[in-house]
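Have a look at the structure below, then the notes.
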Amino acid sequence: MTKQSYSSVYDAWKADPDGFWMDAADAIDWTTPPTRAFDPDAGAYGRWFPDAAGNTCYNCVDRHVERGRPGQAAVIYDSPISGKKRTITYAELKRDVEAMAAVFLDKGVQKGDRVILYMPMIPEALIAMLACARIGAIHSVVFGGFAAHELATRINDSTPKLIVCASCGLEPGRVVAYKPLVDAAVAEATHKPDAVLVWQREEHRADLDQPHDHELNTLVEDAEVRHREVPCVPVAATDPLYILYTSGTTGQPKGVVRDTGGHMVALAWTMKNVYGVEPGEVFWAASDVGWVVGHSYIVYAPLLCGCTTVLFEGKPVGTPDAGTFWRVASEHNVAALFTAPTALRAIKKEDPDGKLAADYNLTSFRTLFLAGERADPDSIQWAERALGVPVIDHWWQTETGWAIAANPVGIELLPVKLGSPTVAMPGYDIQVVDEGGQPVAAGDLGNIVVKLPLPPGCLPTLWGDDARFRRAYLETFPGYYQTADAGYVDEDGYLFIMSRTDDIINVAGHRLSTGAMEEVISGHPAVAECAVIGVTDSLKGQVPCGFIVLKSGVTQSHGEIEQELVKRIRDQIGPVAALKLVVTVERLPKTRSGKILRGTMRAIADGETYRMPATIDDPAILDEIDAAIRQRGVGRQAAG
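Quick note: to get the numbering used here, add 9 to the position in the sequence shown (first position is 1).
Listed below in structure tokens is the structure:
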């Protein structure tokens, strides 16, 4: 069969969107198959597969057991922090999920009820997600270790029947007790769950001292002993599968809703077409189930397609060293790895010459995918040299659930343009507009928007708040979804994401992208990672300031490197950029998913009050940044 080209596939979608997605829906086993793809009159912009019904857990687990894969590995758990490994076959996964689902049913959970999961990267997190899907309950995973107040806001918003947590999470060198955080959140929340089910881990056992506390291990073991069967409950394709909270500008988190049918169809399509992975192969998303990447590509997409998914409890460095990713890929015959650029930069910082990859047999490893924030060209080139495989940047959001723009390896590997996530995927009509919503010329910076309707798998609304959904995403540019990212499309149709729209700075009337400056800075051979922020200036409105972390082993003086970077910006972007100050720091403040907290850094520099980000990895870093800013006279000090 002749392989299709990207342009032919994308053009086929544009010519007949409904037909395209009805064909894609054939990959799903439905209890009630769809007779039409889209209802334009439902919801805020329409709903996908409005007359269909099915069950996500059946498609992820049962059908593979029934059709020749019962003994195939479904999940490989690898935890260098605890020293434990476990392989779970599809048949074993079905048994474990049924047992967990039986426990949930016994605690009164019914179709449509919400269950909050507050779990680390252990198999029981994935099993609990699938158990919810099996019985038609709606799960909301909250990253294990989140502050009690943030968990309380999610309890109040989603009003869960149950909270399922582990006794602890493991970080390099420390154990994080989860139960006290859950207790504090339940005490603060106005909504009270019926029960808190605790999975006890050997590393730390929680005290079950509240009337609603139950040990989940014992309940699951009892259900398994009784071999209790729990059938999959059919739900409408438009019913929610899960709620995933993302930060809101008001401080009130936004509950992104993922529907059941469109989610299955979109994710199943991506595994073969975007990632080029076939049933039976091993796929590894080095993320966390608390994030959208974990939902889509640790749990659901690989299992929908009969792949083996890797569940990794560790860090890119320090567990035990910067070669751990390559060890996992080698040991488990990983075909494709998906991680964040920040993980790659952490590895590059510790292993600047990429020597550790050579210690492992990576003959099965075909592709490295990056997403989560801008992938700087220097890190991509470093990985290409170290690994000898294509390194593919792609772009998507919590709200979309899968790639808006990508290089579709399974269709056609397009020429890579460093700094670009390549081209729009079928379903996404990407456009770049000015503040008034008018299209801009190729190469001009503007607001990146997607023409409605959004494709299957994207959010149809926010949990319990259609009005906020419309305000946040649909009203600024009528007829379009507002991504809140800024960038441009070049003459070849390649998309370049330069920054969030609030990271566009205005220097003496010139709109400049901090992302473009970061690209220049990260190209310096001594720089491991960097961030550029705009700080308030009484004369020019804003001026850029760079923060850098150096690679291990760099002997050149900080001052010399900083001056070289100022010159690089002047030479490659121009004097208009007005970047005159670069500050060397030991580390940058990040979320647990690896995104640099540029907005918080900007608030510190401008002397503004700020709310401690709920997702911050280590709050102490902010004190270090504040000290560096004061020492170097950035922002508020310079203005004074």
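Cβ atoms here follow ideal geometry from the backbone N, Cα and C, with glycine treated the same way.
Residue range of the alpha helix (DSSP H) that includes residue i
i	result
Tyr99	Tyr99 to Asp115
Thr523	Thr523 to Ser531
Leu631	Ala629 to Arg641
Asn226	Leu225 to Val234
Ile356	Pro350 to Glu359
His272	Thr269 to Asn282
Ala21	Tyr15 to Ala24
Arg375	From DSSP, Arg375 is part of no alpha helix (DSSP H); its letter is neither H nor E.
Cys658	No information on residue 658 is available, as it lies outside the stretch 10 to 649 that the chain covers here.
Ile164	Ala157 to Ser167
Leu320	Here Leu320 belongs to no alpha helix (DSSP H); instead the beta strand (DSSP E) covers Thr317 to Phe321.
Ile570	His567 to Gln581
Nearest neighbour of residue i, chosen from the options [CA to CA]
i	options	result
Ala24	Asp438, Gly568, Leu574 and Ala451	Asp438
Asn64	Val298, Cys241 and Trp335	Cys241
Cys554	Asp385, Val459 and Ala637	Ala637
Glu290	Ala204, Leu313, Lys12 and His272	Leu313
Lys364	Trp335, Leu377 and Ala175	Trp335
Pro464	Thr96, Lys263, Val239 and Trp278	Trp278
Val308	Ala142, Pro42, Ala355 and Asp615	Ala142
Leu320	Ser16, Arg95, Thr593 and Gly642	Arg95
Val563	Pro361, Ile131 and Cys467	Pro361
Lys170	Met526, Leu126 and His341	Leu126
Leu559	His223, Thr593 and Ile144	Thr593
Ile144	Asp248, Ala535, Val398 and Glu444	Asp248
Asn342	Gly52, Trp293, Ala415 and Asp387	Trp293
Pro189	Lys12, Ala134 and Arg214	Arg214
Thr40	Glu230, Ala246, Thr98 and Ala186	Ala246
Met128	Glu101, Leu114, Val173 and Lys93	Val173
Ala232	Glu107, Asp218, Asp475 and Glu573	Glu107
Asp615	Ala586, Val552, Glu571 and Phe113	Val552
Arg163	Val283, Pro202 and Leu135	Pro202
Val442	His403, Gly178, Asp494 and Thr409	Asp494
Classification of residue i by the beta-carbon crowding that lies within 10 angstroms, buried from 16 upward
i	result
Val234	exposed
His200	exposed
Thr259	With a pLDDT of 47 at Thr259, under the threshold of 50, the modelled position of this residue cannot be trusted, and the question is left open.
Lys120	exposed
Asp122	buried
Asn370	exposed
His236	exposed
Arg607	buried
Lys103	buried
Asp453	exposed
Gln406	buried
Gly117	exposed
Gln565	exposed
Met621	exposed
Met10	Any answer about Met10 is weak, because its pLDDT of 47 lies below 50 and its placement is not dependable; what the coordinates show is given next. So Met10 ends up on the exposed side.
Thr318	buried
Gly182	exposed
Ala450	exposed
Residue i - partner residues in DSSP beta bridges
i	result
Cys241	Paired residue(s): none; Cys241 is not in a bridge.
Pro405	Sequence check: residue 405 is Trp here, not Pro. Trp405 pairs with nothing; no bridge assigned.
Leu504	Thr431 and Val498
Thr593	Ile557
Ala175	Trp208
Ile625	Thr600
Asp546	Gly550
Phe440	Per the sequence shown, residue 440 should be read as Gln rather than Phe. Answer is Val458.
Asp368	Answer by DSSP bridge pairing: none, since Asp368 is not bridged.
Tyr490	Val459
Trp39	Gly63
Gly264	Tyr254
For residue i, the first and last residue of its enclosing beta strand (DSSP E)
i	result
Phe292	Val291 to Ala294
Pro249	Pro249 to Thr255
Ile85	Ala82 to Ser88
Arg183	Arg183 to Ala186
Lys460	Gly455 to Lys460
His148	Ile147 to Val150
Three Cβ pairs or more, each shorter than 8 Å: is that satisfied between the segment 422–439 and the segment 474–485?
no
Any chance the segment 369–389 sits against the segment 337–355, with 3 or more Cβ pairs inside 8 Å?
yes
Evaluate the contact criterion for the segment 147–157 versus the segment 294–304: three or more CB pairs, one atom per stretch, below 8 Å.
Between the segment 147–157 and the segment 294–304, the count of C-beta pairs closer than 8 Å reaches three or more; the two stretches touch.
Meets three-Cβ-pair contact criterion under 8 Å: the segment 269–287 and the segment 85–101
no
Counting beta carbon pairs with one atom in the segment 454–461 and one in the segment 416–427, are three or more of them shorter than 8 Å?
no
Touch test, the segment 484–493 against the segment 536–544, Cβ-Cβ under 8 Å, three pairs minimum:
no
For the structure I just gave you, are there three or more beta carbon pairs, one from the segment 75–86 and one from the segment 44–59, closer than 8 Å?
Three or more beta-carbon pairs separated by less than 8 Å are not found between the segment 75–86 and the segment 44–59, which leaves the two stretches without contact.
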